[in-house]
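Report on one structure; see the data block that follows.
Protein chains: 2
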Amino acid sequence: MIGDRYIAALDQVLELVVLINDDMTRSLARDGLTVSRTHLLWELRRHGPMTQRDLAAALKVSARTVTGLVDGLETTGFVSRQPHPTDRRATLVTFTERGRQTVEAMERGQREFAHLLFAEMPAERFDCFTAGLGEILTRLRGIGLAQQLPGDDR
Amino acid sequence: MIGDRYIAALDQVLELVVLINDDMTRSLARDGLTVSRTHLLWELRRHGPMTQRDLAAALKVSARTVTGLVDGLETTGFVSRQPHPTDRRATLVTFTERGRQTVEAMERGQREFAHLLFAEMPAERFDCFTAGLGEILTRLRGIGLAQQLPGDDR
DNA sequence: GCAGAATAGTGAGCATGACTCACGGTGTGG
DNA sequence: CCACACCGTGAGTCATGCTCACTATTCTGC
Numbered sequence: 002m003i004g005d006r007y008i009a010a011l012d013q014v015l016e017l018v019v020l021i022n023d024d025m026t027r028s029l030a031r032d033g034l035t036v037s038r039t040h041l042l043w044e045l046r047r048h049g050p051m052t053q054r055d056l057a058a059a060l061k062v063s064a065r066t067v068t069g070l071v072d073g074l075e076t077t078g079f080v081s082r083q084p085h086p087t088d089r090r091a092t093l094v095t096f097t098e099r100g101r102q103t104v105e106a107m108e109r110g111q112r113e114f115a116h117l118l119f120a121e122m123p124a125e126r127f128d129c130f131t132a133g134l135g136e137i138l139t140r141l142r143g144i145g146l147a148q149q150l151p152g153d154d155r
Numbered sequence: 002m003i004g005d006r007y008i009a010a011l012d013q014v015l016e017l018v019v020l021i022n023d024d025m026t027r028s029l030a031r032d033g034l035t036v037s038r039t040h041l042l043w044e045l046r047r048h049g050p051m052t053q054r055d056l057a058a059a060l061k062v063s064a065r066t067v068t069g070l071v072d073g074l075e076t077t078g079f080v081s082r083q084p085h086p087t088d089r090r091a092t093l094v095t096f097t098e099r100g101r102q103t104v105e106a107m108e109r110g111q112r113e114f115a116h117l118l119f120a121e122m123p124a125e126r127f128d129c130f131t132a133g134l135g136e137i138l139t140r141l142r143g144i145g146l147a148q149q150l151p152g153d154d155r
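Sequence lines, in order, name chains A and B.
Quick note on numbering: the working numbering labels position 65 of the first sequence as 66, and the sequence is numbered without any gaps.
Quick note on numbering: the working numbering labels position 125 of the second sequence as 126, and the sequence is numbered without any gaps.
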């Protein structure tokens with residue numbers, strides 16, 4: 002049956018999801034980080050200093066959760082809270098030197114990881130793989146939105 | 002720079018990981034399940050009734066965690082605890098009727114999902130995609146073990 | 001210019017899932 | 001038959017997530 006090949010392919014995709022997740026979690030733990038806290042650092046890297054409110058929106062998480070994440074990152078010395086220059090209600094979350102260096106090191110690590118995954122792959126297969134991946138992503142983004150609508154909007 | 006294409010491909014893979022994770026979490030929540038509890042149900046599906054100790058080993062999780070997962074699944078009526086026929090220390094975790102039906106429904110859902118992802122993809126691209134995916138998985142399995150050794154053995 | 005609405009952050013309290021440590025009940029090998 | 005190993009779980013901890021309530025501030029509309 003042809004559908005079995007699809008099942009097998011989906012199993013492969015799911016295994017990939019698990020392996021990537023585990024690998025990330027493990028390597029982050031070595032830096033004293035968690036996945037959620039790293040997402041926050043990444044967002045900070047992309048946007049520069051941000052208010053916690055903006056972080057909550059960017060991470061699609063409640064404001065309260067951001068308070069907790071920043072608490073943790075502040076305790077472990079990756080970020081610091083600065084007063085907002087014009088809005089005394091808000092705080093600006095900024096990198097410490099250690100935080101900045103850690104994120105830069107992670108970027109280098111990611112580059113190495115990408116190389117390790119793809120560098121030895123024949124160019125033709127790489128192109129075809131990314132094409133297939135892109136097609137799946139497009140499809141997933143579509144149904145992802147479709148499935149969100151009935152249950153919860155947001 | 003050629004490495005940028007690898008980075009872009011890795012970004013795609015990471016986006017896939019996130020999308021799949023979110024999709025799974027959402028659809029499981031509709032059934033009153035979580036990812037962890039579903040892993041347990043899956044293991045039960047593959048092996049039949051199991052002791053909690055075996056479940057802990059299969060899920061790569063502490064025995065205490067399994068107690069909590071089974072507690073939850075028992076409360077929501079997916080599994081039940083049965084006395085072990087020969088070892089009075091152990092309990093056998095078995096499906097309830099509802100649990101069995103739910104898992105079977107999930108299997109059908111997975112089949113549909115695989116179809117939805119791949120059925121419209123040209124055969125040639127599908128073959129090439131799965132080939133690339135397989136290559137990456139092989140590589141990841143290798144380094145996954147390699148990376149475990151220095152940090153933690155286990 | 002000032003009252004009331006909206007916004008920013010956080011305390012309190014809850015659920016889940018992961019861990020360790022300790023402990024009681026049970027099985028088993030010497 | 002006794003010491004040791006093993007099964008499950010209570011107790012306590014940590015990290016994420018949530019909501020609700022509250023304070024402090026800012027903005028708006030009259």
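Backbone N, C-alpha and C fix where the C-beta goes; we use that ideal spot for every residue, glycine too.
Which of helix, strand or coil DSSP assigns to M122(B): It is coil, neither helix nor strand.
message: Can you check whether the C-beta of H116(A) is within less than 8 angstroms of a C-beta belonging to chain B?
response: True, the Cβ-Cβ gap to chain B drops below 8 angstroms.
message: Going by DSSP in three states, T95(B) sits in which element: helix, strand or coil?
response: In the structure shown, T95(B) adopts extended strand secondary structure according to DSSP, grouped into three states.
C-alpha gap between A91(A) and S37(A), whole angstroms: When rounded, the separation of the alpha-carbon atoms in A91(A) and S37(A) is 22 angstroms.
task: Within its chain, find whatever has a CB closer than 7 angstroms to the CB of V18(B); leave out the 5 residues flanking it on each side and keep chain order.
output: Answer for V18(B): no residue qualifies.
query: Taking three-plus beta-carbon pairs below 8 angstroms as touching, is the region 49-69 of chain B in contact with the region 20-36 of chain B?
result: At 8 angstroms Cβ cutoff, the stretches do not touch.
- request: Return the first residue and the last residue of the beta strand (DSSP E) that V62(A) is part of.
  value: First-last for V62(A): undefined, no H or E at that position.
field: Contact list for A132(B) against chain A, beta-carbon separation under 7 angstroms
entry: Those within 7 angstroms of A132(B) in chain A are R126.
- prompt: What three-state label does DSSP hand V67(B) in the structure shown?
  reply: Assigned with DSSP and collapsed to three states, V67(B) falls in helix.
- prompt: Taking the DSSP output, what are the residues bridged to P84(A)?
  reply: DSSP lists T92(A) as the bridge partner or partners of P84(A).
Validate contact between the region 78-96 of chain A and the region 99-111 of chain B using beta carbons, cut 8 angstroms, 3 pairs: The region 78-96 of chain A, when compared against the region 99-111 of chain B, does not touch it at the 8 angstroms Cβ threshold.
field: Sub-8 angstroms separation of G4(B) and H48(A) beta-carbons
entry: Taking C-beta atoms as the reference points, G4(B) and H48(A) fail to come closer than 8 angstroms.
query: Going straight from the alpha carbon of I8(A) to that of A120(B), what length do you get?
result: In this structure, the alpha-carbon of I8(A) lies about 11 angstroms from that of A120(B).
- prompt: Which value, in whole angstroms, describes the spacing of the CA atoms of E56(B) and E44(B)?
  reply: It is worth fixing the name first, because residue 56(B) is Leu in this sequence and not Glu. In this structure, the CA atom of L56(B) is about 7 angstroms from the CA atom of E44(B).
- request: Quick one: using the 10 Å Cβ neighbour count with 16 as the cut-off for buried, is A10(B) buried or exposed?
  value: The Cβ neighbour count for A10(B), taken over all protein chains shown within 10 Å, is at least 16; the residue is labelled buried.
- prompt: First and last residue of the alpha helix (DSSP H) that includes L17(A)?
  reply: Counting along the chain, the alpha helix (DSSP H) containing L17(A) begins and ends at G4 to R31.
- prompt: Would G33(A) be called buried (16 or more neighbouring beta carbons within 10 Å of its own) or exposed?
  reply: So G33(A) ends up on the exposed side.
task: Taking only beta carbons into account, state which residues of the region 133-144 of chain A come closer than 9 angstroms to chain B, listed in chain order.
output: Answer set for the region 133-144 of chain A: G133, L134, G135, E136, I137, L138, R140, L141, R142 and I144.
query: Does the distance from the CB of V94(B) to the CB of V104(B) come in under 8 angstroms?
result: No, they are not a contact pair.
- request: Inspect the beta-carbon positions of G133(A) and R6(B) and report whether they are closer than 8 angstroms.
  value: No; because the gap between Cβ atoms is not below 8 angstroms, this pair is not in contact.
task: Round the Cβ separation of L41(B) and L70(B) to the nearest angstrom and send it over; I've been treating them as touching at under 8 angstroms.
output: About 5 angstroms separates the beta carbons of L41(B) and L70(B), which is inside the 8 angstroms limit, making them a contact pair.
message: Quick check: what's the CA-CA separation for I144(A) versus F114(B)?
response: Their Cα atoms are separated by approximately 10 angstroms.
message: Less than 8 angstroms between CB atoms is the rule here; does E16(A) satisfy it with respect to chain B?
response: Yes, because at least one Cβ of chain B sits closer than 8 angstroms to the Cβ of E16(A).
- request: Kindly list, in the order they appear in chain B, the residues whose Cβ is closer than 7 angstroms to that of F119(A).
  value: The answer, in chain order, is Y7 and A10.
- request: Give a yes or no on whether 8 angstroms exceeds the smallest Cβ distance from G4(A) to chain B.
  value: Closer than 8 angstroms: yes.
- prompt: Expressed to the nearest angstrom, what Euclidean distance is found between the alpha-carbon atoms of D128(B) and R109(B)?
  reply: Spanning the two alpha carbons is a distance of roughly 23 angstroms.
query: Between F96(B) and T77(B), what straight-line distance do the alpha-carbon atoms span, to the nearest angstrom?
result: Cα to Cα, the separation comes out at about 12 angstroms.
N- and C-terminal bounds of the alpha helix (DSSP H) containing T39(B): Annotation for T39(B): the continuous alpha helix (DSSP H) segment containing it runs V36 to H48.
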